[in-house]
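**Q**
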Amino acid sequence: PEGGVGSGEEAVGIHELRGHVEIEADVRRALEKVKAVKRVSHVHVDYLFGRVQVRCGIELDDMLRVWQAVEIAREAKTEVELNVADVSRVDVSINLNDMCWGQCGLTFGPACATGFRLKQERA
Numbered sequence: 015p016e017g018g019v020g021s022g023e024e025a026v027g028i029h030e031l032r033g034h035v036e037i038e039a040d041v042r043r044a045l046e047k048v049k050a051v052k053r054v055s056h057v058h059v060d061y062l063f064g065r066v067q068v069r070c071g072i073e074l075d076d077m078l079r080v081w082q083a084v085e086i087a088r089e090a091k092t093e094v095e096l097n098v099a100d101v102s103r104v105d106v107s108i109n110l111n112d113m114c115w116g117q118c119g120l121t122f123g124p125a126c127a128t129g130f131r132l133k134q135e136r137a
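Okay, so the sequence shown: first residue is 15 according to my numbering, each after it adds one.
#1: Leaving aside the five residues before and after I108 along the sequence, list all residues of the same chain whose C-beta is less than 7 Å from its C-beta, in chain order.
#2: Using only CA atoms, which one of D76, L78 and Y61 lies nearest to I37?
#3: In the structure shown, what three-state DSSP assignment does R79 receive?
#4: Given a cut-off of 8 Å, decide if A90 and A45 are closer than it, judged by their beta-carbon atoms.
#5: Tell me the residue span of the beta strand (DSSP E) that contains V41.
#6: Along the chain, where does the beta strand (DSSP E) containing E30 start, and where does it finish?
#7: With H, G and I counted as helix, E and B as strand and the rest as coil, what does DSSP make of G18?
#8: Do C70 and V14 have their beta-carbon atoms positioned less than 8 Å apart in this structure?
#9: Around the C-beta of R136, are 16 or more other C-beta atoms found within 10 angstroms, so that it is buried, or is it exposed?
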């Protein structure tokens, strides 16, 4: 498995790795460089088999097309991989910047916000 036991990467002792607070701060700084990222919702730092793995969530504009969001997530992942020391694996989740929770009474969640914006654009 990639980055796992038997991958050929040499594992180090946990005491040789930087702390999660320092790594999280570096990840957040790296993600701030990606202009399309509106907010970093979470950063989880895991120490598995002597390696550092990072899981993070980024919020994007909910009007983006899927392919655009995927490209931004790839850019965010690359930014972390290139600029954060000690990290052997990065997983980036996309969160839409959706603040609608069914206030209009029609639907709930992203469908409500997207539908509302489309109606405004067509009017």
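Ideal Cβ positions, reconstructed from N, Cα and C, are used throughout, including at glycine.
**A** Here's the rundown:
#1: Here residue 108 refers to the residue found at position 94 when the sequence shown is read from its first residue. For I108, where only same-chain residues beyond five positions count, the Cβ hits under 7 Å are I72, L74, A83 and A87.
#2: On the sequence shown, residue 37 is found 23 positions in, with the first residue counted as 1. Of the listed residues, the one whose Cα sits closest to I37 is Y61.
#3: Here residue 79 refers to the residue found at position 65 when the sequence shown is read from its first residue. Reduced to three states, the DSSP call for R79 is coil.
#4: As a working note, residue 45 is residue 31 in the sequence shown. As a working note, residue 90 is residue 76 in the sequence shown. Looking at the sequence shown, residue 45 is not Ala but Leu. In this structure, A90 lies closer than 8 Å to L45 by Cβ.
#5: Counting from 1 along the sequence shown, the entry for residue 41 is found at position 27. Run containing V41: none in the beta strand (DSSP E); it sits in the alpha helix (DSSP H), H34 to E46.
#6: Here residue 30 corresponds to residue number 16 of the sequence shown, with the count starting at 1. Here E30 belongs to no beta strand (DSSP E), and DSSP marks it neither H nor E.
#7: Sequence index remark: in the sequence shown, residue 18 carries index 4 (1-based). Unreliable positioning characterises G18 in this predicted model, as indicated by a pLDDT of 44, which lies under 50. The coordinate reading is nonetheless provided below. Coil.
#8: What the structure shows of the chain is the stretch from 15 to 137, and residue 14 is not part of that stretch, so it cannot be assessed.
#9: Within the sequence shown, residue 136 is the residue found at index 122, counting from 1. Answer is exposed; the Cβ neighbour count stays below 16.
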